[in-house]
Amino acid sequence: MPNNPAILLQGVTKTYDGQNAVDDLSLDVLAGESVALLGHNGAGKTTLIKLILGLVRPDKGNIRILGREPSSPGDDKTRCQLGYLPENIAFYNGMSGAETLAFFARLKRHPLSDCARILARVGLSDAAHKRVSHYSKGMRQRLGLAQALLGNPRVLMLDEPTTGLDPELRTAFYDIVRELEEDGVTIILSSHALTELEAHTRKIVIMRKGCLIASGTIDDLRRRANLPVHIRLITRPGMGAACAEKIPEGVTCERINDHGLDLTLPSERKIDVLRHLSTTVPELDDVDIKLPSLNDLYMHFQKEGVAP
Amino acid sequence: MRELAIIAIKEFRDGIRNRWFLGAAGALILFSLSLTFLGSAPAGTVGVDPLAVTIVSLASLSVFLLPLMALLLSYDALVGEVERGTMLLLLTYPLSRADIILGKFVGQTLGLGLATVFGFGSAALVLVFGGVESDNWMAFVMLVGSSILLGAVFVALGLAISAMPRQRSAAAALAFGVWLCLVIVYDMALLGALVADGGEGISTSVFNTLLLVNPADAFRMINLSGFEDVRAAAGLVVSDLEGVADGFAPLVSLGLWVTVPLIFAVMLFRRKQI
Chain P
469 MPNNPAILLQ GVTKTYDGQN AVDDLSLDVL AGESVALLGH NGAGKTTLIK LILGLVRPDK
529 GNIRILGREP SSPGDDKTRC QLGYLPENIA FYNGMSGAET LAFFARLKRH PLSDCARILA
589 RVGLSDAAHK RVSHYSKGMR QRLGLAQALL GNPRVLMLDE PTTGLDPELR TAFYDIVREL
649 EEDGVTIILS SHALTELEAH TRKIVIMRKG CLIASGTIDD LRRRANLPVH IRLITRPGMG
709 AACAEKIPEG VTCERINDHG LDLTLPSERK IDVLRHLSTT VPELDDVDIK LPSLNDLYMH
769 FQKEGVAP
Chain B
414 MRELAIIAIK EFRDGIRNRW FLGAAGALIL FSLSLTFLGS APAGTVGVDP LAVTIVSLAS
474 LSVFLLPLMA LLLSYDALVG EVERGTMLLL LTYPLSRADI ILGKFVGQTL GLGLATVFGF
534 GSAALVLVFG GVESDNWMAF VMLVGSSILL GAVFVALGLA ISAMPRQRSA AAALAFGVWL
594 CLVIVYDMAL LGALVADGGE GISTSVFNTL LLVNPADAFR MINLSGFEDV RAAAGLVVSD
654 LEGVADGFAP LVSLGLWVTV PLIFAVMLFR RKQI
């Protein structure tokens with residue numbers, strides 16, 4: 469069923485104490501798609517993940533995970549195919565890492581003989597027999613990822629997975645995520661680390677106050693936001709002023725020093741302006757094009773707060 | 414069933430790992446042995462079976478101690494995991510909420526039951542090595558069995574308590590309240606009612622029924638009135654506890670005190686949003 473959405477939400481609303489944590493939200497994620505979930509603190513990201521996992525029931529709307537309703541009791545088949553890494557993961561402190569993983573593996577009917585391989589995959593082999601209470605935040609996070617990988621899940625929900633990981637571990641973490649993506653696992657990842665996500669995820673969903681305000685690939689979002697492109701020009705020493713005179717109409721030009729200029733222009737004029745510069749400005753030494761980053765896009769959509 | 418067993422085994426191993434069961438067994442062994450030695454001193458002169466005296470002492474002790482131990486073990490089984498955050502992850506696994514509650518019930522009852530067996534068993538060993546001959550070993554087996562059942566009752570009650578509040582501290586207060594009401598206040602109120610009544614309105618059968626519906630008193634009925642020699646040692650008159658107290662009624666009462674709180678716990682916990 470490659471074309472069926474792995475995750476489907478239709479008009480889902482969840483209210484806590486009279487406030488809509490998730491407000492009339494519709495979303496579909498195809499099998500094998502990876503989605504980054506962005507939003508301010510309290511935007512409803514965790515609630516959305518809990519709804520998908522069936523931990524909380526929606527007040528309104530429909531949710532289907534792999535074609536089934538998530539909160540229906542005794543629906544073990546779907547839950548076997550779900551992996552979840554909670555935001556603040558907690559384990560049973562008395563157990564060692566290996567014991568913890570074995571306990572969860574039994575529940576998910578994952579072969580115990582495979583646990584050592586999973587621990588090695590997340591880099592916990594050496595600490596496998598240490599008590600979890602002595603684990604650092606990064607080690608807990610890795611053990612959390614290890615348990616999420618049990619049962620070879622088809623859908624993986626990762627709530628702020630890279631908090632507390634050092635850069636090296638982060639890279640290793642995203643390597644695992646990419647491998648899973650290649651295996652066709654659907655991944656939902658919520659995070660604040662925008663620069664990381666830019667490089668690692670395909671589809672981006674931005675939430676604000678429980679509503680979905682934008683979704684699409686980063687290129688889709690760029691097109692929709694239509695934010696200006698920045699171009700930095702480096703000229704030969706002292707030629708900055710001469711160069712500034714040759715900048716075409718409709719482009720804002722700002723001088724940094726005697727050989728540097730910052731241009732701000734609408735994105736559709738990018739090629740146009742570059743062509744013009746290369747032919748008419750021989751003093752040019754170097755150009756540096758800066759497209760709107762995910763950070764810029766995120767701020768733009770959060771400020772606008774409009775529905776797509 | 415498989416999931417239930419996994420939870421039960423984990424719960425049992427947790428109890429061993431954190432020395433809880435060891436502590437409980439140690440306390441019960443200590444109390445059992447001291448009661449046995451103290452109990453055998455007067456028995457020799459009066460000519461009562463020392464085993465019967467021990468049974469009465471142990472039953473009187475169990476009725477206070479076991480409910481307290483069981484509640485201490487179980488009151489935070491659910492609310493504690495919710496508060497620490499481990500429940501969130503567990504609930505995303507393929508097992509039902511009933512599996513979690515019943516698994517915890519089985520694991521904790523097993524641990525407490527084993528502690529009881531070790532505790533009371535030590536008393537029995539002392540008597541056996543002391544060369545005590547007795548016809549009342551059946552009563553002793555009954556004591557051990559009903560003590561395990563009493564523990565199970567309060568583990569079940571503790572789990573129901575644990576499914577209710579949002580905070581552990583509230584669960585602790587609730588557990589203490591339940592212990593106080595069922596084990597101490599109930600009997601005092603009953604006694605007060607009897608004294609005030611002057612034996613007029615409250616008939617024997619009403620009184621016995623009132624005893625029967627309280628798990629602690631049902632436990633006393635089983636152990637203090639079931640066997641002739643034990644009755645003598647407990648100072649009860651045979652005719653005091655006829656009718657409802659006979660036979661299986663107290664056992665049925667304890668059985669209900671296990672199942673009803675468990676059903677209640679499952680219902681409460683199913684509705685809870687984590």
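Chains as they are written, first to last, in the numbering used here: chain P, 469 to 776; chain B, 414 to 687.
Every residue gets a Cβ at the ideal spot worked out from N, C-alpha and C, and that includes glycine.
Keep in mind it's a predicted model, so treat the numbers as computed, not measured.
Contact list for N556 of chain P against chain B, beta-carbon separation under 7 Å
Residue 556 of chain P sits at position 88 when you count from the first residue of the first sequence. The answer, in chain order, is G498.
Between the region 723–730 of chain P and the region 441–450 of chain B, do three or more beta carbon pairs fall short of 8 Å?
no
Top-ranked residue by Cα proximity to L680 of chain P, from P:T631, P:Q770, P:L550
The residue you call residue 680 of chain P lines up with position 212 of the first sequence. Nearest C-alpha to L680 of chain P: P:Q770.
Best match in P:T720, P:L618, P:R589 for proximity to D643 of chain P [C-alpha to C-alpha]
The residue given as residue 643 of chain P occupies position 175 in the first sequence. The residue with the shortest Cα to Cα distance from D643 of chain P is P:R589.
So, for G507 of chain P: in the same chain, excluding its five sequence neighbours on each side, which residues have a beta-carbon less than 7 Å away from its beta-carbon?
On the first sequence, position 39 is the one that residue 507 of chain P refers to. Result list for G507 of chain P: K513, I674, M675, R676, in chain order.
Could you list which residues in chain P have their beta carbon closer than 9 Å to that of D427 of chain B, in chain order?
The residue you call residue 427 of chain B lines up with position 14 of the second sequence. Per Cβ cutoff of 9 Å: Y560, G562, M563.
Judging by CA-CA distance, which residue of P:K605, P:S601, P:N561, P:G619 is the nearest neighbour of C583 of chain P?
Translated into positions along the first sequence, residue 583 of chain P becomes position 115. Ranking the options by Cα distance to C583 of chain P, first place goes to P:G619.
Going along chain P, which residues have a C-beta under 7 Å from A507 of chain B?
The count along the second sequence starts at 1 and reaches residue 507 of chain B at position 94. Note on identity: in this sequence residue 507 of chain B is Pro, with Ala being the wrong assignment. By Cβ distance, chain P contributes D544, R547, C548, L575, K576.
Going by DSSP, which residues form a beta bridge with G728 of chain P?
Taking the first residue of the first sequence as position 1, residue 728 of chain P is located at position 260. Note: G728 of chain P sits in a beta bridge opposite P:I702, P:N725.
Of all the beta strand (DSSP E) runs that stay within the bounds of the region 550–609 of chain P, which reach a length of 3 or more residues?
Taking 3 residues as the minimum length, the beta strand (DSSP E) runs contained wholly in the region 550–609 of chain P are 550–553, in order along the chain.
How many angstroms separate the CA atom of V657 of chain B from the CA atom of S560 of chain B?
The residue given as residue 657 of chain B occupies position 244 in the second sequence. The residue given as residue 560 of chain B occupies position 147 in the second sequence. Legend: pLDDT at V657 of chain B = 46, less than 50; position of this residue unreliable, value from coordinates given subsequently. Roughly 20 Å separates the two Cα atoms.
Would a C-beta distance cut-off of 8 Å place I468 of chain B and L593 of chain B closer than the cut-off?
On the second sequence, residue 468 of chain B is found 55 positions in, with the first residue counted as 1. On the second sequence, residue 593 of chain B is found 180 positions in, with the first residue counted as 1. No, the pair does not count as a contact, with Cβ atoms beyond the cut-off.
For L562 of chain B, I'd like the list of residues in its chain whose CB is within less than 8 Å of its CB, leaving aside the five on either flank, ordered along the chain.
The count along the second sequence starts at 1 and reaches residue 562 of chain B at position 149. The residues are F632, L664, L667, G668, V671.
So with CB distances below 8 Å, who are the chain P contacts of E416 of chain B?
Stepping through the second sequence from its first residue, residue 416 of chain B is reached at position 3. Near E416 of chain B (Cβ distances below 8 Å), the residues of chain P are L575.
Backbone CA spacing between K598 of chain P and S564 of chain P [nearest angstrom]
Mapped onto the first sequence, residue 598 of chain P falls at position 130. Mapped onto the first sequence, residue 564 of chain P falls at position 96. Straight-line Cα distance between these residues: approximately 5 Å.
Chain B contact residues for V524 of chain P, given Cβ-Cβ distances below 7 Å:
In the first sequence, the residue the question calls residue 524 of chain P occupies position 56. What V524 of chain P touches in chain B: Q686.
Cα separation between M607 of chain P and F559 of chain P?
As a first step, residue 607 of chain P must be located in the first sequence, where it is residue number 139. As a first step, residue 559 of chain P must be located in the first sequence, where it is residue number 91. Approximately 12 Å between the Cα atoms of the pair.
Taking CB distances under 8 Å as the criterion, tell me whether F769 of chain P reaches chain B.
Position 301 of the first sequence holds residue 769 of chain P. Not an interface residue.
My guess is that N763 of chain P and T663 of chain P are in contact by the Cβ rule of under 8 Å, so how many angstroms apart are they, rounded?
As a working mapping, residue 763 of chain P is identified with position 295 in the first sequence. As a working mapping, residue 663 of chain P is identified with position 195 in the first sequence. Contact holds; Cβ gap of about 7 Å.
What's the C-alpha gap between V679 of chain B and A511 of chain B?
As a first step, residue 679 of chain B must be located in the second sequence, where it is residue number 266. As a first step, residue 511 of chain B must be located in the second sequence, where it is residue number 98. Near 6 Å, if we compare the C-alpha coordinates of A511 of chain B and V679 of chain B.
How would you write the range of the alpha helix (DSSP H) that K671 of chain P sits in, first residue to last?
The residue given as residue 671 of chain P occupies position 203 in the first sequence. That residue, K671 of chain P, is in no alpha helix (DSSP H); its beta strand (DSSP E) goes 671–676.
For Y552 of chain P, go through chain B and note every residue whose CB falls closer than 8 Å to its CB, in chain order.
Position 84 of the first sequence, counting from 1, holds the residue named residue 552 of chain P. Per Cβ cutoff of 8 Å: L502, T505.
Does the beta-carbon of A696 of chain B have 16 or more other beta-carbons within 10 angstroms, so that it is buried, or is it exposed?
Examination of residue 696 of chain B is not possible in this model, given that chain B is present from 414 through 687 alone.
Does the CB of L477 of chain P have a neighbour CB from chain D at under 8 Å?
Among the protein chains in the structure shown, which are P and B, there is no chain D.
Listed from N- to C-terminal order along the chain, which residues in the region 570–600 of chain P have their beta-carbon within a distance smaller than 9 Å of any beta-carbon of chain B?
Result list: F571, F572, R574, L575, K576, R577.
My assumption, with CB atoms under 8 Å, is that F567 of chain B sits in contact with L484 of chain B. Please give the rounded CB distance.
Taking the second sequence and counting its residues from 1, one reaches residue 567 of chain B at position 154. Taking the second sequence and counting its residues from 1, one reaches residue 484 of chain B at position 71. At roughly 5 Å, the Cβ-Cβ gap stays under 8 Å, so F567 of chain B and L484 of chain B are in contact.
Just the C-alpha distance for A588 of chain B and L534 of chain P, rounded to the nearest angstrom, thanks.
Numbered from its first residue, the second sequence carries residue 588 of chain B at position 175. Numbered from its first residue, the first sequence carries residue 534 of chain P at position 66. Cα-Cα distance, rounded: 42 Å.
Please confirm whether L569 of chain P and I557 of chain P have their CB atoms less than 8 Å apart.
In the first sequence, residue 569 of chain P corresponds to position 101, counting from 1. In the first sequence, residue 557 of chain P corresponds to position 89, counting from 1. Contact flag unset, no.
When B:G564, B:R683, B:A606, B:V643 are compared against M551 of chain B, the one with the closest alpha-carbon
Along the second sequence, one-based indexing puts residue 551 of chain B at 138. That would be B:V643, whose Cα lies nearest to the Cα of M551 of chain B.
Strand pairing of N509 of chain P, partner residues [DSSP]:
On the first sequence, residue 509 of chain P is found 41 positions in, with the first residue counted as 1. Per DSSP, none; premise fails for N509 of chain P.
To the nearest angstrom, how far is the alpha carbon of N636 of chain B from that of L471 of chain B?
In the second sequence, counting from the first residue as 1, residue 636 of chain B sits at position 223. In the second sequence, counting from the first residue as 1, residue 471 of chain B sits at position 58. Taking the straight line joining both Cα atoms gives about 10 Å.
Where does E537 of chain P land, buried or exposed, given buried means 16+ other C-beta within 10 angstroms?
As a working mapping, residue 537 of chain P is identified with position 69 in the first sequence. By the 10 Å Cβ count, E537 of chain P comes out exposed.
So what does DSSP say about Q615 of chain P, is it helix, strand or coil?
The sequence position of residue 615 of chain P within the first sequence is 147, counting from 1. Of the three classes helix, strand and coil, the one that applies to Q615 of chain P here is helix, per DSSP.
Best match in B:M500, B:S475, B:Q580 for proximity to A440 of chain B [C-alpha to C-alpha]
Start at 1 with the first residue of the second sequence, and residue 440 of chain B comes out as number 27. Closest by alpha carbon: B:S475.
In the DSSP output, what is S683 of chain P paired with across the bridge?
As a position in the first sequence, residue 683 of chain P is number 215, starting the count at 1. Its beta-bridge partners are P:V673.
Please check if any C-beta of chain B sits within less than 8 Å of the C-beta of L626 of chain P.
In the first sequence, the residue the question calls residue 626 of chain P occupies position 158. False, the Cβ-Cβ gap to chain B never drops below 8 Å.
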